[in-house]
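First the structure, in the form of structure tokens, and then the observations on it.
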Amino acid sequence: MNVPLVIDVRGLSKSFGGRRVVDDFNLRVPRGAIYGFLGPNGSGKTTTIRMVCGLLKPEAGVGEVLGFDVLRESLKIKERVGYMTQKFSLYEDLSIRENLEFIARIYGLDRRAERVDQALADLGLAERQGQLAGKLSGGWKQRLALAACMIHEPALLLLDEPTAGVDPKARRDFWDQIRRYSAQGVTTLVSTHYMDEAVQCDSIAYIAYGKKLLDAPTAEIPNQIGLFAWRVSGRPLQEAQRLLEAQPGVDLVARFGTAVHVCGKDRAALEAAARAAKAAFPHVEIAPIETGFEEIFIYLMSGSVDNFQ
Amino acid sequence: MSRLALPRFEAPSFDVSWARVFAVFLKELVQMRRDRPTFAIMIMMPVIQLVLFGYAINTDPRHMPAVIELREDGPMTRAFLASLTASTYIDIVSIVTRAEDGDAALRSGQANFLISIPEGFERRLVRGERPQILIAADTSDPVAAGGAIGAIQQIAQSAFAPEFVGPLAFLAPAPAPYEIVVHRRFNPAGVSSFNIVPALLGVILTMTMVMITSIALTRESERGTMENLLATPVRPIEVMIGKTTPYIFVGAIQVVIVMTIAVLLFHIPFTGSLIAFLIGVTLFIFANLMLGYLISTLAKTQMQAMQMTFFVFLPSILLSGFMFPFRAMPAWAQAIGECLPITHFLRIVREVVLKGAGFADVIGDLMPLGAILLVLAGVALARFRRTLD
Ligand SMILES: Nc1ncnc2c1ncn2[C@@H]1O[C@H](COP(=O)(O)OP(=O)(O)O)[C@@H](O)[C@H]1O
Ligand SMILES: [Mg+2]
Chain A
175 MNVPLVIDVR
185 GLSKSFGGRR
195 VVDDFNLRVP
205 RGAIYGFLGP
215 NGSGKTTTIR
225 MVCGLLKPEA
235 GVGEVLGFDV
245 LRESLKIKER
255 VGYMTQKFSL
265 YEDLSIRENL
275 EFIARIYGLD
285 RRAERVDQAL
295 ADLGLAERQG
305 QLAGKLSGGW
315 KQRLALAACM
325 IHEPALLLLD
335 EPTAGVDPKA
345 RRDFWDQIRR
355 YSAQGVTTLV
365 STHYMDEAVQ
375 CDSIAYIAYG
385 KKLLDAPTAE
395 IPNQIGLFAW
405 RVSGRPLQEA
415 QRLLEAQPGV
425 DLVARFGTAV
435 HVCGKDRAAL
445 EAAARAAKAA
455 FPHVEIAPIE
465 TGFEEIFIYL
475 MSGSVDNFQ
Chain B
7 MSRLALPRFE
17 APSFDVSWAR
27 VFAVFLKELV
37 QMRRDRPTFA
47 IMIMMPVIQL
57 VLFGYAINTD
67 PRHMPAVIEL
77 REDGPMTRAF
87 LASLTASTYI
97 DIVSIVTRAE
107 DGDAALRSGQ
117 ANFLISIPEG
127 FERRLVRGER
137 PQILIAADTS
147 DPVAAGGAIG
157 AIQQIAQSAF
167 APEFVGPLAF
177 LAPAPAPYEI
187 VVHRRFNPAG
197 VSSFNIVPAL
207 LGVILTMTMV
217 MITSIALTRE
227 SERGTMENLL
237 ATPVRPIEVM
247 IGKTTPYIFV
257 GAIQVVIVMT
267 IAVLLFHIPF
277 TGSLIAFLIG
287 VTLFIFANLM
297 LGYLISTLAK
307 TQMQAMQMTF
317 FVFLPSILLS
327 GFMFPFRAMP
337 AWAQAIGECL
347 PITHFLRIVR
357 EVVLKGAGFA
367 DVIGDLMPLG
377 AILLVLAGVA
387 LARFRRTLD
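If you read the sequences in order, they're chains A and B.
Quick note, the first sequence lines up with residues 175 to 483 if you use the numbering used here.
Quick note, the second sequence lines up with residues 7 to 395 if you use the numbering used here.
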């Protein structure tokens with residue numbers, strides 16, 4: 175691949191109070207990519223993103239972001255990065271417009287009023303621009319924050335759970351926007367809990383307990399995980415599901431409409447479990463199926479508990 | 007993790023962007039304007055404080071109990087005593103003839119004043135020997151005593167004047183043919199009431215300027231807005247200038263309010279150099295803003311910032327010469343006092359406002375004030391964390 179790397183960090187580590195929350199983290203994000211960042215709560219996603227944009231000083235590790243040294247040139251990085259924090263961090267006692275204007279001034283943008291007007295129009299907030307940001311609902315706050323971190327046309331977007339608590343329509347709009355940016359060459363690293371968002375990413379890095387467990391193009395992930403699946407349908411589905419959950423070799427049982435998908439990493443054990451269900455309930459149908467993203471991500475997200483200690 | 011560790015991974019940059027300073031300034035100004043209660047307090051506090059203290063100063067204390075030690079009895083003495091009684095300043099509680107009795111009354115608190123008219127007063131007065139009237143005053147409450155001392159002197163003048171007619175007319179011109187000697191007891195240094203109003207300016211400015219800027223950064227941290235601010239390319243010095251500048255105006259408004267009240271209501275004579283005063287007050291406001299800003303880099307919460315502000319405020323009142331005469335304090339207390347901006351400001355303002363000093367007279371306090379300002383700003387800048395660590 176000769177696409178230049180926008181994020182290239184190696185061995186990033188960070189501890190809080192003697193506890194390693196990010197351990198030897200490597201990440202290579204090519205220009206224009208939409209990179210998904212997955213992991214349970216407390217696994218170190220926010221900490222990693224903060225190190226990438228110079229908000230936290232890594233204990234160990236080196237790297238470049240947008241070609242600038244992540245340790246020594248954080249000001250240059252900050253000028254070119256749009257960072258959307260997980261928690262709303264604009265000023266609640268400033269109006270929507272004042273917040274955007276503040277950011278526009280801080281980045282020293284030209285045509286300030288024009289850009290702010292444009293951002294307000296894109297947001298659909300032009301009429302409410304005088305309203306205090308603190309009075310906005312959660313979804314609108316997210317949109318405002320996104321507009322604020324894009325106003326200086328950054329080359330790299332770092333989005334920390336940008337759509338948490340946002341309605342599906344707004345989430346779709348948001349992803350359309352991200353893809354448009356991506357087509358223009360803007361790179362995005364986005365942490366998320368939503369599977370439907372994860373599958374839209376070009377690549378995915380999965381982190382748990384501060385360690386990266388998986389990092390691959392989204393299409394290759396099923397192979398990398400090596401997860402096998404069987405489909406079980408018919409009656410009595412409820413009882414069959416309960417039986418399957420108790421079987422050895424079953425890592426995940428998930429309901430998909432009128433069927434359950436049983437997944438496991440041990441192909442033979444999984445097949446044995448499926449056949450045991452068939453033996454117990456002769457009326458159910460069982461069949462091996464291709465493992466889909468949905469199963470993979472449910473497996474990834476549910477298989478690991480929250481990492482807070 | 008340690009908040010004491012300076013972020014060493016990037017050299018500090020001194021290329022200030024005034025556009026970014028202006029951005030922070032504007033934002034801070036809007037926030038200040040929206041925070042109505044705080045803004046109201048900043049403007050009302052000087053007024054309320056001055057009026058409160060003003061009562062202590064302006065209340066001409068009346069009906070102060072006095073003991074008269076009388077060694078002789080003549081027409082002039084009688085006229086003086088009659089005037090004292092007629093005035094409401096003094097209530098004569100007893101007339102004694104022995105010095106010990108008068109002293110005892112003063113010491114026991116039975117009387118606040120002991121007025122002694124010596125033997126042969128009238129005879130010596132007529133001879134032009136300028137005899138003494140001795141006033142011993144309990145100045146443990148100097149403000150209260152001060153008013154009455156002044157009143158007694160006036161009473162004496164108006165009581166004796168009508169007597170100086172006919173053959174005694176030669177005694178009438180000033181200086182008075184008698185001498186009033188005041189002994190301040192129990193607080194010999196005494197604090198003149200004029201001292202307090204200009205000094206109050208220092209106290210009010212310290213309190214508001216330090217308190218308000220002490221939460222400049224902790225508020226951002228507590229509300230989570232610090233993360234967004236730090237993610238932008240804004241520099242520490244830009245944040246510092248932008249965040250403190252709005253309060254320069256608040257300080258200026260307070261100065262105008264206090265000085266207007268001082269001159270109009272309390273008739274404080276402003277005798278010295280206005281330029282020297284303005285330079286002094288500007289340096290002082292800056293120093294206080296930096297002190298508050300330094301606190302905001304040390305405190306983790308707004309609560310801590312408030313506590314630290316009081317930690318600074320108490321010595322500012324106690325060790326600056328506001329409360330106790332500076333030179334009477336032990337050396338260590340004076341040493342602490344010298345490091346406080348208010349100590350130098352009090353000297354400047356007293357010298358300039360009350361003693362008519364010019365720029366050259368107060369340079370010795372302007373320089374340390376400037377030095378304190380630079381040190382505070384330097385430490386605050388070094389302490390500013392550019393990361394969330
Ligand atoms: N400033 C901090 N001080 C102490 N511990 C922290 C701090 N920030 C994060 N942590 C801890 O580090 C771990 C990783 O947190 P975080 O990066 O926020 O995870 P995520 O974003 O994946 O939910 C958590 O256990 C969290 O409690
Ligand atoms: Mg997080």
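We treat Cβ as the ideally placed atom computed from N, Cα and C, and that holds for glycine.
Quantities reported herein were computed from a predicted structural model and do not represent experimental measurements.
Nearest to residue i by alpha carbon, out of the options?
{"i": "Ala105 of chain B", "options": "B:Thr303, B:Ile123, B:Asn294, B:Arg136", "result": "B:Ile123"}
{"i": "Ala140 of chain B", "options": "B:Arg133, B:Val132, B:Ala85, B:Ile155", "result": "According to the sequence shown, residue 140 of chain B is Leu rather than Ala. The option with the nearest alpha carbon to Leu140 of chain B is B:Ile155."}
{"i": "Ile54 of chain B", "options": "B:Phe332, B:Asp367, B:Val203, B:Met296", "result": "B:Val203"}
{"i": "Ile243 of chain B", "options": "B:Leu289, B:Cys345, B:Ala337, B:Thr303", "result": "B:Thr303"}
{"i": "Gly339 of chain A", "options": "A:Gly431, A:Arg194, A:Arg317", "result": "A:Arg317"}
{"i": "Pro422 of chain A", "options": "A:Ala321, A:Ile399, A:Ala450", "result": "A:Ala450"}
{"i": "Gly282 of chain A", "options": "A:Glu327, A:Phe199, A:Tyr473", "result": "A:Glu327"}
{"i": "Gly257 of chain B", "options": "B:Leu112, B:Met217, B:Leu131", "result": "B:Met217"}
{"i": "Gly230 of chain B", "options": "A:Arg224, A:Arg409, A:Ser263", "result": "A:Ser263"}
{"i": "Ile121 of chain B", "options": "B:Glu128, B:Arg129, B:Gly108", "result": "B:Gly108"}
Within 8 angstroms (strictly less), CB to CB, does residue i reach chain D?
{"i": "Asp197 of chain A", "result": "The structure shown contains no chain D; the protein chains it does contain are A and B."}
By DSSP, does residue i sit in helix, in strand, or in coil?
{"i": "Asn498 of chain A", "result": "The structure shown does not extend to residue 498 of chain A, since chain A spans only 175 to 483, so no value can be given for it."}
{"i": "Cys323 of chain A", "result": "helix"}
{"i": "Ile221 of chain B", "result": "coil"}
{"i": "Asp182 of chain A", "result": "strand"}
{"i": "Met215 of chain B", "result": "helix"}
{"i": "Gln138 of chain B", "result": "strand"}
{"i": "Lys188 of chain A", "result": "strand"}
{"i": "Ile342 of chain B", "result": "helix"}
{"i": "Arg392 of chain B", "result": "coil"}
{"i": "Met258 of chain A", "result": "strand"}
{"i": "Leu325 of chain B", "result": "coil"}
{"i": "Thr315 of chain B", "result": "helix"}
{"i": "Ser217 of chain A", "result": "coil"}
{"i": "Phe211 of chain A", "result": "strand"}
{"i": "Arg354 of chain A", "result": "helix"}
{"i": "Asp371 of chain B", "result": "helix"}
Could you pull out every residue in the same chain whose Cβ sits closer than 6 angstroms to the Cβ of residue i, ignoring the five residues on either side in sequence?
{"i": "Pro71 of chain B", "result": "Asp97, Val99, Ala117, Asn118"}
{"i": "Glu469 of chain A", "result": "Ala403, His435, Cys437"}
{"i": "Thr362 of chain A", "result": "Ile208, Leu331, Ile352"}
{"i": "Ala344 of chain A", "result": "Gly313"}
{"i": "Leu444 of chain A", "result": "Phe402, Gly423, Gly438"}
{"i": "Thr65 of chain B", "result": "Here the model assigns Thr65 of chain B a pLDDT of 48, short of 50, so the residue's position is not dependable and the matter cannot be decided."}
{"i": "Ala366 of chain B", "result": "none"}
Ordered along the chain, which non-local residues of its own chain (more than five positions away) have a Cβ less than 7 angstroms from that of residue i?
{"i": "Ala293 of chain B", "result": "Pro347, Leu375, Ile378, Leu379, Leu382"}
{"i": "Glu34 of chain B", "result": "Gly248, Lys249, Pro252"}
{"i": "Gly359 of chain A", "result": "Arg205, Gly206"}
{"i": "Asp197 of chain A", "result": "Ser187, Gly384, Lys385"}
{"i": "Ala448 of chain A", "result": "Trp404, Val406, Val436, Ile460"}
{"i": "Ala162 of chain B", "result": "Phe86, Ile139, Ile186"}
{"i": "Ile221 of chain B", "result": "Ser302, Gln308, Ala311"}
Examine ligand 2 and report whether any of its heavy atoms sits within less than 7 angstroms of the Cβ of residue i.
{"i": "Lys219 of chain A", "result": "yes"}
{"i": "Glu371 of chain A", "result": "no"}
{"i": "Gln316 of chain A", "result": "no"}
{"i": "Glu233 of chain B", "result": "no"}
{"i": "Glu469 of chain A", "result": "no"}
{"i": "Glu459 of chain A", "result": "no"}
{"i": "Glu357 of chain B", "result": "no"}
{"i": "Asp334 of chain A", "result": "yes"}
{"i": "Gln260 of chain A", "result": "yes"}
Apart from the five residues on each side of it in sequence, which residues of its chain come closer than 8 angstroms, Cβ to Cβ, to residue i?
{"i": "Thr259 of chain A", "result": "Ala319, Asp334"}
Cβ of residue i versus every heavy atom of ligand 1: is any distance shorter than 7 angstroms?
{"i": "Gly230 of chain B", "result": "no"}
{"i": "Val290 of chain A", "result": "no"}
{"i": "Val364 of chain A", "result": "no"}
{"i": "Asn294 of chain B", "result": "no"}
{"i": "Gly248 of chain B", "result": "no"}
{"i": "Val195 of chain A", "result": "yes"}
- Message: Please give the ranges of any alpha helix (DSSP H) in the region 265-349 of chain A, keeping only runs that are unbroken, at least 4 residues long and fully inside the region.
- Response: Those alpha helix (DSSP H) runs which fall completely within the region 265-349 of chain A and span 4+ residues are 270-280, 286-297, 312-324.
- Item | Complete runs of the beta strand (DSSP E) confined to the region 390-416 of chain A [at least 3 residues] | Secondary structure in the region 390-416 of chain A: the beta strand (DSSP E) runs of 3 residues or longer, each lying completely within the stretch, are 402-407 in chain order.
- Item | Uninterrupted beta strand (DSSP E) stretches inside the region 57-115 of chain B (no shorter than 3 residues) | Segments of the beta strand (DSSP E) lying fully in the region 57-115 of chain B: 70-76, 96-102.
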